[in-house]
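What follows is one structure encoded as C-alpha cells, with my remarks underneath.
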Amino acid sequence: MADTLFRTHPLAHRRAALAELSAAVGGLSVYPEDEVAAVDLRVGPVGPGGDALGRALGTALPAEPNTWTHTADGQLIWLGPDEWLLTSAGGDPAELERELGWVVSAFDGAAVDVSAQRTSLRLRGELARELLSLGCSLDLRPTAFPAGTCAQTHVGQTVVLLLALGADDFRLFVRQSFAGYLADWVLDTAEELRAAPCHPAALANLSEE
Amino acid sequence: MQLIHCPWCGPREEVEFHYGGQAELAYPERPAELSDQDWAEYVFYRDNPKGPFAERWSHNAGCRRWFTAVRDTRTYRFLGTAKPGEPLPVTQQREARV
Numbered sequence: 001m002a003d004t005l006f007r008t009h010p011l012a013h014r015r016a017a018l019a020e021l022s023a024a025v026g027g028l029s030v031y032p033e034d035e036v037a038a039v040d041l042r043v044g045p046v047g048p049g050g051d052a053l054g055r056a057l058g059t060a061l062p063a064e065p066n067t068w069t070h071t072a073d074g075q076l077i078w079l080g081p082d083e084w085l086l087t088s089a090g091g092d093p094a095e096l097e098r099e100l101g102w103v104v105s106a107f108d109g110a111a112v113d114v115s116a117q118r119t120s121l122r123l124r125g126e127l128a129r130e131l132l133s134l135g136c137s138l139d140l141r142p143t144a145f146p147a148g149t150c151a152q153t154h155v156g157q158t159v160v161l162l163l164a165l166g167a168d169d170f171r172l173f174v175r176q177s178f179a180g181y182l183a184d185w186v187l188d189t190a191e192e193l194r195a196a197p198c199h200p201a202a203l204a205n206l207s208e209e
Numbered sequence: 001m002q003l004i005h006c007p008w009c010g011p012r013e014e015v016e017f018h019y020g021g022q023a024e025l026a027y028p029e030r031p032a033e034l035s036d037q038d039w040a041e042y043v044f045y046r047d048n049p050k051g052p053f054a055e056r057w058s059h060n061a062g063c064r065r066w067f068t069a070v071r072d073t074r075t076y077r078f079l080g081t082a083k084p085g086e087p088l089p090v091t092q093q094r095e096a097r098v
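As they're listed, the protein sequences go chains S and Y.
So for the first sequence, UniProt numbering puts the first residue at 1; every next one is plus one.
So for the second sequence, UniProt numbering puts the first residue at 1; every next one is plus one.
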C-alpha cells in the first residue's frame, strides 16, 4: 500500500531554530508564515482591463511601482508595469485562477496560480531592519521604505519579494526551494545581533579589555 | 557597487541586472532579399564604440523587464536609462562601418 504524503511547510525544519532566535534576541521576531493562495495577474496597466480586474478584486490595482495594497483577505502587490501578485489567506487557488482568468481573458490578460512558488518569512521588531540591512542594499528606513511599499531585490544571495507592513515589520516572499537558505541566512546573520556589540555596556567592556 | 537606474524600480545594485547586447537594431525591411553577408552583419556584427553606447538591459532580480541604457564604454558609467519605445536618454556614438 502506498504511503500517504502529508503536505509540510518548506520551513518546518527551521521553525524551532527561528523561535529560539526570536526568544534570545530582544527586538527581533522571525517566524515562517502560513501558506497563502497566490495568483500572478497579467493585464494592460491602462485601459478597461485594469479597471475590470480592480472591480473584481474590490480594490484598484496599485499602479505605482513597488507598492502594494490590502484586499479583503490578502494583498495585491506590484510586480511589474503589467504584472501583479494577488495573495489570499482564505481563497482556493484554483478557484481564484479560474475566476480572475475569466475576467482578464477578455483583455488579453492572464491569471496563473503560483501558490506553490513562494513561501513567506516574517521579520518584526526594532532589529529587523538592522538584520536585513546586512544582506540587502536598499534603504529600508521608514522614510524611504514606508508601510505599503515593496521591492523585488536580493537578500543575501537569493531573490526575495520584500514587503513593508509597518515601520519595523517586514514580510519576505521567497521561492520555496530557497526558503531554507534564507532562514539559514537569517540565523547566521543574527549571530552578531545576539552579542549586541553596539550596546553601550558591551562597548565599555570591550574597551576595558 | 554601481547602481543602475531601472525605469520602473529606481536605482538598484548592478548584480540585479542582466546585459542584453546592443539596442536599437532594426529588423531588415526586406528579409527575403538579404544576402548571406547582410544576414551575417544583421545577426552577428555589432558596434563597438569607445564612448556612449545604447544597450539593452534586463532587471532580472526585480521587475524582470527590458529597458534601454546608454553606457559609456570607457568609464562603465551609465549615462541614462529609458523604457522601451521611449527616446534614448543620451545620444550614442555610432561607429561608421566600412
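All C-beta atoms, glycine included, are put in the ideal place defined by N, C-alpha and C.
Check: Beta strand (DSSP E) segment containing Trp-78 (chain S), residue limits; Outcome: 74-80
Check: Minimum length 4: unbroken alpha helix (DSSP H) runs contained in the segment 36-93 of chain S; Outcome: 48-57
Check: C-beta contact flag for Asp-93 (chain S) and Ala-37 (chain S) at 7 Å; Outcome: The displayed chain sequence assigns Pro, not Asp, to residue 93 (chain S). Result yes, Cβ atoms of Pro-93 (chain S) and Ala-37 (chain S) sit closer than 7 Å.
Check: Test: Asp-152 (chain S) CB closer than 7 Å to a CB of chain Y; Outcome: Going by the sequence as given, residue 152 (chain S) is Gln instead of Asp. Yes, Gln-152 (chain S) counts as interfacial toward chain Y.
Check: Check whether Phe-173 (chain S) and Ser-120 (chain S) have beta carbons under 7 Å apart; Outcome: yes
Check: For Leu-163 (chain S) and Phe-170 (chain S), believed in contact at Cβ under 8 Å, the rounded distance; Outcome: 7 Å
Check: Residue from S:Ala-52, S:Ala-106, S:Leu-18, S:Asp-3 with nearest C-alpha to Arg-194 (chain S); Outcome: S:Leu-18
Check: Supposed close pair His-5 (chain Y), Pro-11 (chain Y) - CB separation, criterion 8 Å; Outcome: 5 Å
Check: Expected contact under 8 Å - CB spacing of Leu-76 (chain S) and Leu-96 (chain S) to nearest Å; Outcome: Contact flag wrong, Cβ pair sits at about 12 Å.
Check: Asp-36 (chain Y) - containing alpha helix (DSSP H), residue span; Outcome: 36-43
Check: Inter-residue spacing [alpha-carbon to alpha-carbon] between residue 101 (chain Y) and Leu-85 (chain S); Outcome: As displayed, chain Y neither begins before 1 nor continues past 98, which places residue 101 (chain Y) out of reach and without an answer.
Check: CB contact below 7 Å: Glu-13 (chain Y) versus chain S; Outcome: yes
Check: Any chain S beta carbon closer than 7 Å to Glu-61 (chain Y); Outcome: The question names Glu, but residue 61 (chain Y) in the sequence shown is Ala. So, interface residue.
Check: Contacts around Glu-14 (chain Y), its chain only, beta-carbon distance under 6 Å, and the 5 residues preceding and following it disregarded; Outcome: Met-1, Gln-2, Ile-4
Check: Reduced DSSP category for Trp-185 (chain S) - H, G, I as helix; E, B as strand; rest coil; Outcome: helix
Check: 7 Å Cβ shell around Leu-138 (chain S) - same chain, five flanking residues per side excluded; Outcome: Phe-145, Ala-151, Thr-153
Check: For Pro-153 (chain S), the residue or residues it bridges with in DSSP; Outcome: Reading off the sequence, residue 153 (chain S) comes out as Thr, not Pro. Partner(s): S:Val-160.
Check: Partner residues on chain Y for Leu-140 (chain S), Cβ-Cβ distance less than 7 Å; Outcome: In chain order: nothing, as chain Y lies at least about 14 Å away.
Check: Contiguous alpha helix (DSSP H) assignments of at least 4 residues, all confined to the segment 106-143 of chain S; Outcome: 128-133
Check: Buried/exposed call for Leu-185 (chain S), threshold 16 Cβ in 10 Å; Outcome: In the sequence as presented, Leu is not what sits at residue 185 (chain S); that position holds Trp. That one is buried.
Check: CB contact check: Pro-146 (chain S) to chain Y, cutoff 7 Å; Outcome: no
Check: Where the alpha helix (DSSP H) through Arg-12 (chain Y) begins and ends; Outcome: Arg-12 (chain Y) -> not in any alpha helix (DSSP H); beta strand (DSSP E) instead, spanning 10-13.
Check: For Phe-178 (chain S), three-class secondary structure by DSSP; Outcome: helix
Check: Exposed unless 16 or more other CB atoms sit within 10 angstroms - verdict on Asn-66 (chain S); Outcome: buried
Check: Residue environment, Leu-5 (chain S), which counts as buried when at least 16 other CB atoms sit within 10 Å; Outcome: exposed
Check: Beta-carbon gap between Glu-55 (chain Y) and Arg-71 (chain Y) smaller than 7 Å; Outcome: yes
Check: Which listed residue (S:Leu-61, S:Asp-168, S:Thr-149, S:His-13) has its alpha carbon closest to that of Leu-132 (chain S); Outcome: S:Asp-168
Check: Euclidean distance between Cα positions of Val-112 (chain S) and Val-43 (chain S); Outcome: 12 Å
Check: Selection from Y:Phe-67, Y:Thr-73, Y:Thr-75, Y:Tyr-27 that minimises the alpha carbon distance to Pro-87 (chain Y); Outcome: Y:Phe-67
Check: Whole-number beta carbon distance between Arg-129 (chain S) and Leu-140 (chain S), since they are thought to touch under 8 Å; Outcome: 5 Å
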